[in-house]
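Take a look at the structure below.
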Amino acid sequence: MTTPALLPLSGRRLPPLNLGASAFPHHRATLRLSEKFILLLILSAFITLCFGAFFFLPDSSKHKRFDLGLEDVLIPHVDTSKGGKNLGGFLIHGQGHDEHRHREEEERLRNKIRADHEKALEEAKEKLKKSRDEIQAEIQTEKNKVVQELKKKDSKPLPPVPLPNLIGINSGEPADLDIREKRNKIKEMMKHAWDNYRQYGWGHNELKPIARKGHSTNIFGNSQMGATIVDALDTLYIMGLHDEFREGQEWIDKNLDFSVNSEVSVFEVNIRFIGGLLAAYYLSGQEVFKIKAVQLAGKLLPAFNTPTGIPWAMVNLKSGVGRNWGWASAGSSILAEFGTLHMEFVHLSYLTGDPVYYNKVMHIRKLLQKMDRPNGLYPNYLNPRTGRWGQHHTSVGGLGDSFYEYLLKAWLMSDKMDTEARKMYDDAIEAIEKHLIRKSNGGLTFIGEWKNGHLERKMGHLTCFAGGMFALGADGSRDDKAGHYLQLGAEIAHTCHESYDRTTLKLGPEAFKFDGGVEAVAVRQNEKYYILRPEVIETYWYMWRFTHDPKYRLWGWEATQAIDKYCRVSGGFSGVKDVYSSSPTYDDVQQSFFLAETLKYLYLLFSNDDLLPLDNWVFNTEAHPLPVLHLANTTLSGNPAYR
101 MTTPALLPLS GRRLPPLNLG ASAFPHHRAT LRLSEKFILL LILSAFITLC
151 FGAFFFLPDS SKHKRFDLGL EDVLIPHVDT SKGGKNLGGF LIHGQGHDEH
201 RHREEEERLR NKIRADHEKA LEEAKEKLKK SRDEIQAEIQ TEKNKVVQEL
251 KKKDSKPLPP VPLPNLIGIN SGEPADLDIR EKRNKIKEMM KHAWDNYRQY
301 GWGHNELKPI ARKGHSTNIF GNSQMGATIV DALDTLYIMG LHDEFREGQE
351 WIDKNLDFSV NSEVSVFEVN IRFIGGLLAA YYLSGQEVFK IKAVQLAGKL
401 LPAFNTPTGI PWAMVNLKSG VGRNWGWASA GSSILAEFGT LHMEFVHLSY
451 LTGDPVYYNK VMHIRKLLQK MDRPNGLYPN YLNPRTGRWG QHHTSVGGLG
501 DSFYEYLLKA WLMSDKMDTE ARKMYDDAIE AIEKHLIRKS NGGLTFIGEW
551 KNGHLERKMG HLTCFAGGMF ALGADGSRDD KAGHYLQLGA EIAHTCHESY
601 DRTTLKLGPE AFKFDGGVEA VAVRQNEKYY ILRPEVIETY WYMWRFTHDP
651 KYRLWGWEAT QAIDKYCRVS GGFSGVKDVY SSSPTYDDVQ QSFFLAETLK
701 YLYLLFSNDD LLPLDNWVFN TEAHPLPVLH LANTTLSGNP AYR
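Numbering (my numbering), first residue to last: 101 to 743.
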């Protein structure tokens, strides 16, 4: 484990204590001193202590009293004037008897020290007879006991809360044989991804499928938190892979520990871990997932300790120290990060009855409502110290995307009661349509990025989620524009499909331009990669649910075949570095979101609509389904946190 970089703390830079796993090395052969020599040193110190205590005990000839911290003993007093039969109160026992009693006490203590000393010598002799492996086993046993005790302290019982009315968590089996076979193929791909992670990367955050070992990135810190396990749980469940689901549940119950010296992304941990744990809880009813989600949420709360209440991008799970990404504009927090907490935090308050989570996200909303927005647009950067915008860069792709998504989904998740969120969404979408959405010369609708006062005619793969968002938000839109926004969603879906279709591999690049004669094609080499992203398939699924146009299943199957052909390796699935090359090289990473999102959306695309119906479920930005909190069938209306 590497020590994290120095973190700023109240203007000073202090090295954090490294109390992670490396503080307890697994191979004690790396130490310069053997266990036996260490035990002898400890034994010598103990013997010295014992003899010191023995020889320097107070001498009764010099001291009238050996003070044990006890008060003078009270003894009953017999009233002789009444025949000695009745107790007439208490007297303090005489001084002579007191000195005799203390001499006896000194002797008793000396004898005890001798006995303890002899016992310690015998135990040390027995220890020295044991082999290295036996000593290591005993050390590990003691460590495990400490860990279990800490877990017991953290596992506070949560108040019982009735589950919302959960509909459509099983089946979705299509009647059409061809569709069923395609769905089964996607399930087989999920099993291939999971089984290889299980074999080669178990407990690590992600998998390197070619090197066949674990992988992690800085968003998870320096700890093995099993991100793929948590992210994949709900996909396993809805696919009926219940043995694999139980494997993941067992690992989480025994190994998922958040009391680690690790600096993590608040946003990523919220959407992947808290979102994944909450979804697994709602689908399965297993309390361990709810308990773990609440434990982790408590570790994220210190990130909100800023002058404005806008959270830091990163927080150390052990120390609670937060900071922002070094590359972000003037030390700013990022809109898509602090604006993508609402769904999970509302559910945390609902499940715990603690309003702290709800209050945190509502404070962010209130702050944003008070701020001026250039051209009605939300810039991507906000300084958590000053409460001022950073550079005026607006995007519906990376840095901005899921903020807009969560405004809409806050309204949907509240059973359409949170009209404040809906108004913010409608206002934002109107500004986006006015300033960012354009048609190319070839007739492709795209969403550009606003930078330094002008529109950059480039669209990212991440932005392709917006087609599904427009379709999802069509019903309930202003001025009876439902048809308009459904059509806009279809146009974005078409553009993103073109970005796939115009490559050699039929997989989309990370970003693509609309300049001159170049349309829906990546220009820079560092934008030609595909890392198993889900956003295009996500939009296909939403468009299928709302239109049942067969082209969306056709496009989804094209993507499925391309992923299986070009990204599948014997050890799992890998991203590719150039979608325009006929012989691409691999990036050797099986992303956790491939199991959480890409394969889930494909599976749902080829399932019936009664599997996770959108009237009852809202998907977080990592595709983790959370139930709509219908006031009629939950206790939410009586929950002070929600009111």
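In this text, a Cβ means the ideal position worked out from N, Cα and C, and glycines have one as well.
Whole-angstrom Cβ separation of residue i and residue j, contact assumed at under 8 Å?
i, j, result
"Asn416", "Ser362", "7 Å"
"Thr751", "Tyr297", "The chain is shown only over 101 to 743; residue 751 falls outside these bounds and no answer can be derived."
"Ser502", "Thr721", "4 Å"
Residue i to residue j, Cα distance in whole Å?
i, j, result
"Pro750", "Glu238", "Lying before the first or after the last residue shown, residue 750 is absent from the chain, which here runs from 101 to 743."
"Leu726", "Leu378", "7 Å"
"Glu619", "Ser323", "42 Å"
"Ala723", "Glu697", "5 Å"
"Pro402", "Gly497", "28 Å"
"Ile352", "Phe345", "11 Å"
"Tyr381", "Ala311", "33 Å"
"Lys308", "Tyr478", "37 Å"
"Ile235", "Asn211", "31 Å"
"Pro259", "Thr452", "6 Å"
"Gly348", "Val330", "7 Å"
"Glu281", "Met339", "14 Å"
"His730", "Lys516", "9 Å"
"Phe719", "Met569", "11 Å"
"Tyr629", "Glu306", "19 Å"
"Lys392", "Glu218", "46 Å"
"Arg372", "Lys460", "19 Å"
"Leu572", "Val676", "31 Å"
"Leu468", "Pro455", "20 Å"
"Trp717", "Phe694", "21 Å"
"Pro257", "Val394", "11 Å"
"Tyr337", "Leu356", "19 Å"
Return the first residue and the last residue of the alpha helix (DSSP H) that residue i is part of.
i, result
"Phe310", "Sequence check: residue 310 is Ile here, not Phe. Segment: none, Ile310 is in no alpha helix (DSSP H) and carries neither H nor E."
"Trp550", "Looking at the DSSP string, Trp550 is not in any alpha helix (DSSP H); the run it does join, the beta strand (DSSP E), is Glu549 to Lys551."
"Ser449", "His442 to Thr452"
"Trp717", "Trp717 -> not in any alpha helix (DSSP H); beta strand (DSSP E) instead, spanning Trp717 to Phe719."
"Val621", "Where Val621 is concerned, there is no enclosing alpha helix (DSSP H), although the beta strand (DSSP E) it sits in stretches over Val618 to Val621."
"Ser502", "Asp501 to Met513"
"Arg538", "Not the alpha helix (DSSP H): Arg538 falls in the beta strand (DSSP E), residues Ile537 to Lys539."
"Ser384", "Gly375 to Ser384"
"Asn459", "Val456 to Lys470"
"Asn405", "That residue, Asn405, is in no alpha helix (DSSP H); it is neither H nor E in DSSP."
"Glu281", "Leu277 to Tyr300"
"Leu702", "Leu699 to Leu705"
Just mark residue i as buried or exposed, buried being the case when its beta carbon has 16 or more other beta carbons within 10 Å.
i, result
"Ile267", "exposed"
"Ala430", "exposed"
"Val421", "buried"
"Lys466", "exposed"
"Pro747", "This structure gives no information on residue 747, because the portion of the chain shown stretches from 101 to 743."
"Leu448", "buried"
"Gly617", "exposed"
"Glu222", "exposed"
"Lys418", "buried"
"Ile690", "It should be pointed out that residue 690 corresponds to Gln in this sequence rather than to Ile. Buried is the call here."
"Ser692", "buried"
"Ser707", "buried"
"Trp511", "buried"
"Pro262", "exposed"
"Met443", "buried"
"Asp343", "exposed"
"Gly184", "Residue placement at Gly184 is poorly supported in this model, since its pLDDT is 41, which falls under 50; the coordinates still yield a value, given next. Label assigned to Gly184: exposed."
"Ser683", "exposed"
"Ser271", "exposed"
"Asn284", "exposed"
Grab the span of the beta strand (DSSP E) containing residue i for me, first residue to last.
i, result
"Glu627", "First-last for Glu627: undefined, no H or E at that position."
"Asp615", "Ala611 to Asp615"
"Ile663", "Premise fails: Ile663 lies in the alpha helix (DSSP H), Lys651 to Tyr666, not in any beta strand (DSSP E)."
"Glu556", "His554 to Glu556"
"Met414", "Met414 to Asn416"
"Ser599", "Counting along the chain, Ser599 falls outside any beta strand (DSSP E), though it belongs to the alpha helix (DSSP H) covering Ala582 to Asp601."
"Val364", "Glu363 to Ser365"
"Leu726", "Pro725 to Pro727"
Taking 7 Å as the cut-off, is the beta-carbon of residue i closer than that to any non-hydrogen atom of the ligand COA?
i, result
"Glu549", "The model depicted lacks the ligand COA and carries no ligand whatsoever."
Flag this pair as touching only if the region 630–641 and the region 659–670 have three or more C-beta atom pairs under 8 Å; answer yes or no. Segments in contact, yes.
Validate contact between the region 596–603 and the region 522–532 using beta carbons, cut 8 Å, 3 pairs: Output reads no: the region 522–532 does not touch the region 596–603.
Check whether the region 486–494 touches the region 504–519, counting contact only when three or more Cβ pairs, one atom from each stretch, lie closer than 8 Å. The region 486–494 vs the region 504–519: no contact.
Below 8 Å, can you find three or more Cβ-Cβ pairs linking the region 664–676 to the region 641–653? Result no; under three Cβ-Cβ pairs closer than 8 Å.
Do the region 585–598 and the region 541–552 make contact, defined as three or more Cβ pairs closer than 8 Å? For the pair of segments examined, the region 585–598 was found to touch the region 541–552: the number of CB pairs separated by less than 8 Å reaches three.
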